[in-house]
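Enquirer: Below you will find the structure I want to go over with you.
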Amino acid sequence: MEPPPDSGSEPDDGTEPFPDAGTPDGGGGTPPGRDGGTPGRDDAGTDAGTPDGGTKPEPDAGTEPEPDAGTHEPPISGGPATRSQQWRASYYAGVAPGGLAVADFNGDGAQDVAVNAMGDAHQSQYRARLGNVFLLLNDGEGRLQTSTSRHLLSSSSGLIAAGDADRDGKMDVVVGTMRLATLLRGQGDGTFVEAYPSFAQGAISSLGFWPGEGDSAPRVWAAGNSSVAYDMPRAQAGIEYLSVTNGEFMSHRFLRPDGLPVVYWGDSRVSATAADFNEDGQMDVAVASDDQPLTRYLATSTGFYSGETVAPVYANSVETADMDGDGHADLVVENSQALWVYRGRGYGGFHEPIRTPIPYAASRLRVSDVNVDGKPDVVLLHPAERLVSLWQGNQAGGFSPPYLLTTGRSPRDVAVADLDRDGSPELLVAEAGDNTVSVYDIPRAPLLEQPALDRCPMVLHDRLSNADAPTPRISVDTGVAPRSMAVGDFDGDGRQDFAVLTRDPSVRLLLQSRPGNFEKRDVLQESEVQDLAAGDFDGDGKADLATIGWQGLQLHWSDGLGAFPTRTDLPGYSSGGGYVVAEDFNRDGRLDVGATLTTQCSPYGALFMNQGEGVLARVDLSDQNYEPGVHCAINSRPTVGDFNGDGTLDFMYATLGLNLYYVMKDGTVTGLDGFANGTPFPTRSAADVDGDGALDVLLMGPHGELLVRRGDGGGTLQRPLTCPSKALSVSSVEALDVNGDGHTDLLGRDATGMLVALGKGQGRYARVQRYPLEAWPLWVRPMKLLGDAPAELVVLLESGKLLVFPTPTFPEGE
1 MEPPPDSGSE PDDGTEPFPD AGTPDGGGGT PPGRDGGTPG RDDAGTDAGT
51 PDGGTKPEPD AGTEPEPDAG THEPPISGGP ATRSQQWRAS YYAGVAPGGL
101 AVADFNGDGA QDVAVNAMGD AHQSQYRARL GNVFLLLNDG EGRLQTSTSR
151 HLLSSSSGLI AAGDADRDGK MDVVVGTMRL ATLLRGQGDG TFVEAYPSFA
201 QGAISSLGFW PGEGDSAPRV WAAGNSSVAY DMPRAQAGIE YLSVTNGEFM
251 SHRFLRPDGL PVVYWGDSRV SATAADFNED GQMDVAVASD DQPLTRYLAT
301 STGFYSGETV APVYANSVET ADMDGDGHAD LVVENSQALW VYRGRGYGGF
351 HEPIRTPIPY AASRLRVSDV NVDGKPDVVL LHPAERLVSL WQGNQAGGFS
401 PPYLLTTGRS PRDVAVADLD RDGSPELLVA EAGDNTVSVY DIPRAPLLEQ
451 PALDRCPMVL HDRLSNADAP TPRISVDTGV APRSMAVGDF DGDGRQDFAV
501 LTRDPSVRLL LQSRPGNFEK RDVLQESEVQ DLAAGDFDGD GKADLATIGW
551 QGLQLHWSDG LGAFPTRTDL PGYSSGGGYV VAEDFNRDGR LDVGATLTTQ
601 CSPYGALFMN QGEGVLARVD LSDQNYEPGV HCAINSRPTV GDFNGDGTLD
651 FMYATLGLNL YYVMKDGTVT GLDGFANGTP FPTRSAADVD GDGALDVLLM
701 GPHGELLVRR GDGGGTLQRP LTCPSKALSV SSVEALDVNG DGHTDLLGRD
751 ATGMLVALGK GQGRYARVQR YPLEAWPLWV RPMKLLGDAP AELVVLLESG
801 KLLVFPTPTF PEGE
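Sequential numbering of the sequence shown, starting at 1, is according to UniProt numbering.
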């Protein structure tokens, strides 16, 4: 994927910036579309072959992982799910791609793909999630490369269509939002400008281009719903079209001769299509909704539309094509139970329908010549089953038995295109749950693949190891009731010390006088500290403290002898403290500060980028999931990691959803949209839990289950996957490298102790080992403390006891 400039500045073409996808540090194959030249990989992380019309990747056998050697029970079901045996490649396509449009957008003769990505932020009656028009350019050999040209939408209904709205030879797109439709005019080089930002009404549910006939100008039309999904802004329904008059686009409403709209303001589940049903050279429409059955409206000489009921069918999808080859426009209708074909008579009337039952409820219908036999076929999407069904038309209004292909998660749209120009088209599927557009070979023989279930990307065990827990090497009584802890050499003797945040609140230093022996010293006793982090913020070689509390964010400067005589107050309002982390976010060699500050309702995030000599510049990070004055969020510790693979650290914090901000090398910060949290519990951590080289986010579910939001290879996150494991069903689980072997491990905590599942790589984990403890482990980190062995595991208990365990090892036989 071609990276944009690091500055994060807004491009001159009016599009929105996007984080650099970067290159992974390693792992199981190339994530979708990450390098822009090699096609993606299936969910197992296996590299795909080049889509050259010949060599295809071997199908995944879909077998369960083999049991670990030496164990008596296999791991529970887990590991990556499989796509169809027809799968060829997957490409990153923004967050939750909802619709596809295929055309040559940059004039090189190859078919490109435009996507309306819906986003995945928290939604409310006050705010719709942002959308993003995302372009995948064909390299001429069938590989899709992510363009840096994007267009941010105020919201998205996921729909998009391509056509030439003004007959200038350059392909345009019309996109749907939750309030209206927008026409983006193509410039012929893979970029777009907003030509007509607002027409039609409601949550756009149907749209398209009518090319015009003879002297009739092309038209762009869109129809929208009044009633929309729960938790989204409400808008009045409507249907309108655009046409060019005297060189400018003009909007027109579809009105009946009595002056009433064709689509009523309160109509819901509106589905529409456009064609010249009576062959008079004018664009007619067919509409169905929850409030009116399938109705055909013919254009009249006065500019109004005369309606007639076609059938008492309340349709989910309506499209038009000549299904029987007689030259007349027909209607193809899907209503979750069957396909209906109404063959046109040429004067605006229709024959009796031909009904074909369908095996699974469908969400969208597309008509295309899938098998290149000159006859229109039908493609249906079945999101609940992760299936696409292909129905070959028999040119009499009926269909042959369907082929069934297994897709990625939440298929939302399909298109047919010959990407590699070998004469055989491929099937493109927008997979909203995986943030991908996947390419599949169209089967040439009957194929009936089975519905697919979502699977945890990790291979876990369900039972604990029988091995005895190790004995602590050191046990230290801190003498206080702790809240948290930070690590640094506070007295300048070259040994690691601890700063324990107490419940007073104050800070107690544990200064390591010799390996394993600590002297206690109380500092910052009147600071009302609620969280702290340690680091050398002014570059003088001394470990300072960053604290947050009722006074806000403060830097306490060390004298190198275990005291902090001076401080600097950093700007940032906090009515209730918050959380603070110390990291070199932009990798410039200077330590920065990140914080989530508590307010009366929702917390907010801020970065303080180090300018040198102890000067830190504040960057505010607004709430991407904001809902004013109705729901308040609980503050929690931020999560830090390189999500987009550009070598710098990014910043995530939770409100009503997850707010992800990308830090560039020059210290600037950019963000696109939030991610729905999926759980009321804020506990989370970032690590590559499935071994594919992309950073994932681990969350705790409401019933103690693990939830994983996989990194998608584009710097953003897929929808959550549940990872059940009785052995890890505890209050808190985080992902980190506990034993220093380079593989992600899982560390769980509850009131009775600590759990460790060591990672083996590629998303596989050893049996869970339990460490019984006398109290809740507040703080757990691997670190090299004693100097005579590999890194130890340091644990601070809620009781105030500090324990140092030897490095965890794999259970016997693993």
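We put the CB at the ideal spot given by N, CA and C, even for glycine.
1) In chain order, what residues of the same chain lie with their CB nearer than 6 Å to the CB of Thr683, ignoring the 5 residues before and after it?
2) At the level of alpha carbons, what is the spacing between Asp164 and Ala766?
3) Reducing DSSP to helix, strand and coil, say where Leu524 ends up.
4) For Glu814, does the three-state DSSP call read helix, strand or coil?
5) Give the DSSP-derived three-state secondary structure of Leu747 in the structure shown.
6) Tell me the residue span of the beta strand (DSSP E) that contains Gly307.
7) Please state if the CB of Pro505 and the CB of Glu519 are separated by a distance shorter than 8 Å.
8) Indicate whether Val487 and Met783 have their beta-carbon atoms separated by less than 8 Å.
9) Runs of 3 residues minimum, wholly inside the region 146-226: which ones carry the beta strand (DSSP E) assignment?
10) Within the same chain, show all residues whose beta-carbon is closer than 7 Å to that of Tyr264, passing over the 5 residues directly before and after it, in chain order.
11) Here's the rule I'm using: 16 or more other beta-carbon atoms within 10 Å means buried, otherwise exposed. How should His703 be labelled?
12) For the 8 Å Cβ check, are there 3 or more pairs between the region 299-314 and the region 241-257?
13) Is Asp650 helix, strand or coil when you go by DSSP?
14) Does residue 861 pass the burial test, meaning 16 or more other C-beta atoms within 10 Å, or should it be called exposed?
15) Output the distance between the C-alpha atoms of Thr566 and Ala617, rounded to the nearest integer angstrom.
16) Using 8 Å as the threshold, is the region 169-182 in touch with the region 123-137, meaning 3 or more CB pairs across them?
17) Note the first and the last residue of the continuous beta strand (DSSP E) segment covering Ala114.
18) Output the boundary residues of the beta strand (DSSP E) element that contains Pro777.
19) On the three-state DSSP scale, how would you describe Gly98?
20) To the nearest angstrom, how far is the alpha carbon of Asp189 from that of Gly107?
21) Leaving out five residues before and five after Ala69 in sequence, what residues of the same chain have Cβ atoms less than 6 Å from its Cβ?
22) Nearest by alpha-carbon distance to Asp559: which of Ser729, Gly492, Pro446 is it?
23) What's the gap between the Cα of Phe249 and the Cα of Val220?
24) Classify Thr309: buried if its beta carbon has 16 or more other beta carbons within 10 angstroms, exposed otherwise.
25) What does the alpha-carbon distance come out to for the pair Gly398 and Val313?
26) To the nearest whole angstrom, what separates the beta carbons of Arg508 and Val480, a pair I think is in contact under 8 Å?
27) Between which two residues does the beta strand (DSSP E) holding Met664 run?
28) Who pairs with Lys801 in a beta bridge, going by DSSP?
29) At 3 residues or longer, what runs of the beta strand (DSSP E) sit wholly inside the region 684-768?
30) Are three or more beta carbon pairs between the region 573-586 and the region 539-555 nearer than 8 Å?
31) What separation, rounded to the nearest whole angstrom, lies between the Cα atoms of Val332 and Thr320?
32) Closest by CA to Thr807, which one among Val738, Leu380, Trp779?
33) Between Asn116, Gly186, Val794, which has its C-alpha nearest Gly516's C-alpha?
Expert: Taking the geometry as given:
1) Your numbering for residue 683 matches position 683 in the sequence shown. Correct list, in chain order: Met700, Ser732.
2) Start at 1 with the first residue of the sequence shown, and residue 164 comes out as number 164. Start at 1 with the first residue of the sequence shown, and residue 766 comes out as number 766. Taking the straight line from one Cα to the other gives about 57 Å.
3) What you label residue 524 is simply residue 524 of the sequence shown in a count that begins at 1. Here Leu524 sits in coil by DSSP.
4) Residue 814 sits at position 814 when you count from the first residue of the sequence shown. Note: Glu814 maps to coil in three-state DSSP.
5) Residue numbering aside, residue 747 sits at position 747 when the sequence shown is read from its first letter. Three-state DSSP puts Leu747 in a strand.
6) The residue labelled residue 307 in the question sits at position 307 within the sequence shown. Per DSSP, Gly307 belongs to the beta strand (DSSP E) from 305-311.
7) Residue 519 sits at position 519 when you count from the first residue of the sequence shown. Residue 505 sits at position 505 when you count from the first residue of the sequence shown. For Glu519 and Pro505, no; Cβs fall outside 8 Å.
8) Translated into the one-based positions of the sequence shown, residue 487 becomes position 487. Translated into the one-based positions of the sequence shown, residue 783 becomes position 783. Yes, they are a contact pair.
9) 160-163, 172-176, 181-186, 192-199, 203-210, 219-225
10) Counted from its first residue, the sequence shown places residue 264 at position 264. Correct list, in chain order: Ala237, Asp291.
11) Numbered from its first residue, the sequence shown carries residue 703 at position 703. Exposed.
12) yes
13) Here residue 650 is taken as the residue at index 650 of the sequence shown, counted from 1. Looking at Asp650 - three-state DSSP - the assignment turns out to be strand.
14) The chain is shown only over 1 to 814; residue 861 falls outside these bounds and no answer can be derived.
15) Your numbering for residue 566 matches position 566 in the sequence shown. Your numbering for residue 617 matches position 617 in the sequence shown. Taking the straight line from one Cα to the other gives about 19 Å.
16) yes
17) In the sequence shown, residue 114 corresponds to position 114, counting from 1. Looking at the DSSP string, the run of the beta strand (DSSP E) that includes Ala114 is 112-117.
18) The residue you call residue 777 lines up with position 777 of the sequence shown. Its beta strand (DSSP E) spans residues 777-783.
19) In the sequence shown, counting from the first residue as 1, residue 98 sits at position 98. Strand, per DSSP.
20) By 1-based counting over the sequence shown, the position of residue 189 is 189. By 1-based counting over the sequence shown, the position of residue 107 is 107. The straight-line gap from Cα to Cα measures roughly 7 Å.
21) By one-based count along the sequence shown, residue 69 stands at place 69. At Ala69, the pLDDT of 32 sits below 50, so the modelled position is not reliable and the matter cannot be decided from this model.
22) Stepping through the sequence shown from its first residue, residue 559 is reached at position 559. Minimum Cα distance to Asp559 is reached at Gly492.
23) Position 249 of the sequence shown, counted from the first residue, corresponds to residue 249. Position 220 of the sequence shown, counted from the first residue, corresponds to residue 220. Answer to the nearest angstrom: the Cα atoms are 10 Å apart.
24) The residue you call residue 309 lines up with position 309 of the sequence shown. Under this definition Thr309 is an exposed residue.
25) Taking the first residue of the sequence shown as 1, we reach residue 398 at position 398. Taking the first residue of the sequence shown as 1, we reach residue 313 at position 313. Rounded to the nearest angstrom, the two C-alpha atoms are 18 Å apart.
26) Working through the sequence shown from its first residue, we reach residue 508 at position 508. Working through the sequence shown from its first residue, we reach residue 480 at position 480. At roughly 5 Å, the Cβ-Cβ gap stays under 8 Å, so Arg508 and Val480 are in contact.
27) Taking the sequence shown and counting its residues from 1, one reaches residue 664 at position 664. Where Met664 is concerned, there is no enclosing beta strand (DSSP E), given that its DSSP letter is neither H nor E.
28) Reading the sequence shown from its first residue, position 801 is the one you call residue 801. DSSP output for Lys801 lists Asp477 as bridge partner(s).
29) 684-687, 696-700, 706-709, 721-723, 732-736, 745-750, 753-757, 759-761
30) yes
31) Stepping through the sequence shown from its first residue, residue 332 is reached at position 332. Stepping through the sequence shown from its first residue, residue 320 is reached at position 320. Taking the straight line from one Cα to the other gives about 6 Å.
32) By 1-based counting over the sequence shown, the position of residue 807 is 807. Here the closest residue by C-alpha is Val738.
33) Here residue 516 corresponds to residue number 516 of the sequence shown, with the count starting at 1. Closest option to Gly516, Cα to Cα, is Val794.
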